[in-house]
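Taking it in order: structure first as structure tokens, then the write-up.
In my numbering, the protein residues as written are 31 to 461.
Now the structure itself:
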């Protein structure tokens with residue numbers, strides 16, 4: 031019951047106002063009935079007076095409800111009517127800049143959060159950099175453009191590819207996946223292009239390749255950087271001609287597919303070394319999507335950890351100190367490593383509490399990793415990163431209650447509020 035009461039219910043202002051007006055209208059009706067019941071003299075006049083009073087009360091109430099919106103429109107209206115140069119001048123004016131920045135931030139964050147929850151319910155994130163990635167997905171998904179997903183291992187490239195297909199016009203067609211690094215060199219060609227009966231020893235019957243199977247759908251080429259150089263030319267021809275020929279075949283078949291490729295390698299460096307074709311790179315790199323590593327989106331770690339534990343170990347809870355270790359670790363294996371670490375910690379913990387002692391395999395790095403002074407170090411960025419992690423830890427400990435979090439951090443609640451806005455954090459995720 032308590033959990034239900036803590037839930038927030040979001041109601042559209044239009045619906046709320048309609049309910050208010052409807053309720054007041056019903057009140058008119060009740061009052062009119064009572065006027066008739068008690069045989070008031072001048073019944074019609076009395077009913078009319080009641081109607082006018084209630085009508086103007088309703089107008090006043092609606093005006094009161096819409097006052098903040100009216101003030102907002104009045105303040106930002108100069109930006110609509112001015113020319114571009116004038117807008118820039120007004121934005122620089124200290125009087126208007128906070129209004130502009132606040133309004134822009136609130137609107138874009140609200141839109142991106144709605145889109146994230148609606149279109150990507152199984153992608154767990156709240157960081158600005160990931161919301162930008164998902165916005166890119168929403169932009170390119172409805173098109174037939176080739177997409178190249180770039181990112182380290184474990185960042186979720188396959189999941190992004192699945193959503194690109196799901197949100198496309200081809201969502202009713204097949205999504206065929208092939209990992210170019212998982213198959214032996216001599217099998218990749220037959221898997222991609224298929225073969226006719228008798229094309230080679232053991233080909234006792236014809237078999238369609240992945241290109242044919244993906245007809246009217248999407249072909250996802252994972253680890254495209256591991257595709258052998260001799261097959262890159264054949265792939266390029268398929269992309270250009272939209273035709274595929276089976277091994278041992280004589281008649282190319284026309285195909286209608288969309289290509290999504292992914293890699294954790296630097297294709298530009300491979301081009302310089304001569305291990306990847308530049309013309310194929312240009313064909314694939316129509317719309318690149320860069321997935322950030324987990325160390326660049328650490329504000330997502332608390333909600334990722336909570337999601338994993340709720341799904342697989344609902345009885346297990348993280349101590350605040352344990353979360354601090356998770357936030358301080360660099361995660362070379364990204365989300366995949368995070369989930370593996372959490373699973374191992376949950377299994378190794380003797381009770382329902384996951385303590386730092388359950389993470390011996392990352393404790394060494396989180397406690398004693400020295401700062402490498404041979405590499406460039408931006409002190410301001412480092413301090414901001416530490417400050418953000420401390421705020422996240424405090425919010426986690428207090429279940430998102432800013433007053434208590436500010437007390438833990440030894441700062442005023444208003445100061446914490448400004449920092450939460452600065453780092454684009456959402457305290458509600460910890461409730």
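Glycine is no exception: its CB is placed at the ideal position from the N, C-alpha and C atoms.
Sequence-distant residues of the same chain with beta carbon closer than 8 Å to residue i, five excluded per side
| i | result |
| --- | --- |
| residue 172 | 197, 198 and 199 |
| residue 350 | 423, 426 and 427 |
| residue 438 | 424, 427 and 428 |
| residue 57 | 84 |
| residue 219 | 261, 264 and 277 |
| residue 346 | 339, 376, 379, 382, 383 and 384 |
| residue 266 | 307, 309, 310 and 313 |
| residue 447 | 432 |
| residue 201 | 195 |
Own chain residues within Cβ distance below 7 Å of residue i, not counting five before or after
| i | result |
| --- | --- |
| residue 457 | 425, 430, 432 and 450 |
| residue 283 | 242, 273 and 274 |
| residue 434 | 428 |
| residue 150 | 164 and 193 |
| residue 213 | 221 |
| residue 365 | 184, 185, 186, 324 and 334 |
First and last residue of the uninterrupted beta strand (DSSP E) at residue i
| i | result |
| --- | --- |
| residue 320 | 317–320 |
When the options are compared against residue i, the one with the closest alpha-carbon
| i | options | result |
| --- | --- | --- |
| residue 289 | 305, 57, 315 and 298 | 315 |
| residue 330 | 207, 418 and 182 | 418 |
| residue 319 | 82, 155, 152 and 191 | 191 |
| residue 285 | 170, 295 and 272 | 272 |
| residue 154 | 335, 413, 440 and 444 | 335 |
| residue 25 | 381, 383 and 374 | What is shown of the chain runs 31 to 461, which leaves residue 25 out entirely. |
| residue 222 | 255, 168, 163 and 206 | 206 |
| residue 299 | 255, 338 and 179 | 255 |
| residue 276 | 313, 183 and 236 | 236 |
| residue 251 | 323, 370, 178 and 227 | 178 |
| residue 244 | 293, 355, 313 and 268 | 268 |
| residue 304 | 151, 258 and 225 | 258 |
| residue 239 | 353, 287, 410 and 325 | 287 |
| residue 227 | 184, 270, 280 and 210 | 280 |
| residue 368 | 377, 312, 340 and 356 | 356 |
| residue 175 | 217, 312 and 364 | 312 |
| residue 204 | 185, 184 and 246 | 246 |
| residue 342 | 370, 448 and 326 | 370 |
| residue 249 | 195, 216, 420 and 224 | 195 |
| residue 327 | 234, 358 and 297 | 358 |
| residue 353 | 362, 414 and 421 | 421 |
| residue 388 | 362, 348, 414 and 410 | 348 |
| residue 415 | 360, 215, 442 and 372 | 360 |
Under the three-state DSSP convention, the category residue i falls into
| i | result |
| --- | --- |
| residue 197 | coil |
| residue 434 | helix |
| residue 454 | coil |
| residue 348 | strand |
| residue 382 | coil |
| residue 365 | helix |
| residue 113 | Unreliable positioning characterises residue 113 in this predicted model, as indicated by a pLDDT of 47, which lies under 50. The coordinate reading is nonetheless provided below. Residue state, collapsed to three classes: coil. |
| residue 323 | coil |
| residue 441 | coil |
| residue 449 | helix |
| residue 53 | helix |
| residue 360 | coil |
| residue 214 | coil |
| residue 370 | helix |
| residue 93 | helix |
| residue 202 | coil |
| residue 303 | helix |
| residue 428 | coil |
| residue 389 | coil |
| residue 134 | Caution is warranted here: a pLDDT of 49 is assigned to residue 134, below 50, making its placement in the model unreliable, and the coordinate value is therefore given only provisionally. Helix. |
| residue 343 | coil |
Endpoints, the alpha helix (DSSP H) within which residue i is located
| i | result |
| --- | --- |
| residue 207 | From DSSP, residue 207 is part of no alpha helix (DSSP H) but of the beta strand (DSSP E) over 205–209. |
| residue 312 | 308–314 |
| residue 329 | Per DSSP, residue 329 belongs to no alpha helix (DSSP H) and is neither H nor E. |
Own chain partners of residue i with C-beta closer than 6 Å, once the 5 adjacent residues on each side are dropped
| i | result |
| --- | --- |
| residue 262 | 307 and 310 |
| residue 181 | 187 and 321 |
| residue 454 | 158 |
| residue 229 | 277 and 278 |
| residue 291 | 178, 251, 254 and 314 |
| residue 386 | 351, 352 and 355 |
Any chain C beta carbon closer than 8 Å to residue i
| i | result |
| --- | --- |
| residue 186 | Protein chains in the displayed structure number just one, and chain C is not present. |
- Run through the region 222–301 for me and flag every whole beta strand (DSSP E) of 3 or more residues, listed as ranges in chain order. 247–252 and 287–293
- alpha helix (DSSP H) runs wholly inside the region 147–187, at least 4 long, in chain order: 158–170
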